[in-house]
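Here is the structure we will look at, set down as structure tokens.
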Amino acid sequence: MSGWTLLEEDELEMVWSRLYRDFHFKPSTIIYPSYRLPSPSIKYDISNHYTEELIRDFEDKSVIAFQQCTQPGELIYALDWQHDCYLVEARLEFPRHVPLRVENRDWIISIHPDGDYHFFLARDFSWGILGHPWEETITIYGEKLISCLLKDEPHMLHKVLQRG
């Protein structure tokens with residue numbers, strides 16, 4: 427799929443190691459929080475917000491924000507905990523809302539967490555979206571992404587739990 431490149435093993439290990447270190451990431455289905463919130467950040471409650479309309483609105487507006495935060499050719503990380511992870515060029519094809527596979531590998535990663543941690547991050551980790559499926563939260567961090575996403579705030583993101 428154009429715009430999605432499977433992360434090579436060495437970069438994959440580097441990215442996850444940095445995420446574990448920088449965010450104090452401790453995956454858990456029952457102990458929260460699983461990671462330390464970066465600053466600035468906004469953590470939202472997304473429980474009871476699983477309608478197709480709300481998810482579509484969130485993903486569409488997130489892609490627009492990714493495009494506003496990146497230059498042509500710039501890649502971001504799309505990480506799905508314990509699954510295939512990718513480098514993505516948000517300005518190219520960015521399929522959403524449908525189950526698609528990349529080169530007969532794992533499913534394309536949805537921005538909305540659908541049963542695993544889903545993280546979309548700038549390659550320098552300066553901004554991103556952290557999706558926690560069991561806590562039922564989405565955290566937007568980094569001044570650049572917060573500014574872009576709040577220009578047209580997704581309807582799902584209305585209950586703020588914490589600001590960092």
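Numbering (the numbering used here), first residue to last: 427 to 590.
Note that the Cβ used here is the ideal one computed from N, Cα and C, for glycine as well.
- Within the stretch 468 to 543, the complete alpha helix (DSSP H) segments at least 4 residues long are 478 to 495, listed from N- to C-terminus.
- Beyond the five residues adjoining it in sequence on each side, G590 comes within less than 6 Å, by CB distance, of L463, S465, S467 in the same chain, given in chain order.
- For R589, the enclosing beta strand (DSSP E) covers residues 586 to 589.
- Beta-bridge annotation (DSSP): F546 is paired with A504, I555.
- A check of alpha carbon separations from M582 across P498, K469, R517, D506 identifies K469 as the nearest.
- Rounded to the nearest whole angstrom, the C-alpha separation of L556 and Y543 is 7 Å.
- By the criterion of at least three beta-carbon pairs nearer than 8 Å, the stretch 565 to 572 is not in contact with the stretch 472 to 483.
- Collapsing the DSSP output to three states places L575 in a helix.
- Between V514 and W430, the beta carbon gap of about 6 Å places them in contact (Cβ cut-off 8 Å).
- Apart from the 5 residues on each side of it in sequence, I566 sits with its Cβ closer than 7 Å to the Cβ of S467, I468, I555, I572, L575 in its chain, given in chain order.
- The beta-carbon distance between D510 and L445, rounded to whole angstroms, is 16 Å. This is too long to meet the 8 Å contact definition.
- For W442, the enclosing alpha helix (DSSP H) covers residues 435 to 448.
- When the beta-carbon positions are compared, F546 and I481 stay at least 8 Å from each other.
- An exposed status is given to E435, since fewer than 16 other beta-carbon atoms sit within 10 Å of its beta-carbon.
- Residue burial is scored here from C-beta neighbours: D550 has fewer than 16 other C-beta atoms within 10 angstroms and is therefore classed as exposed.
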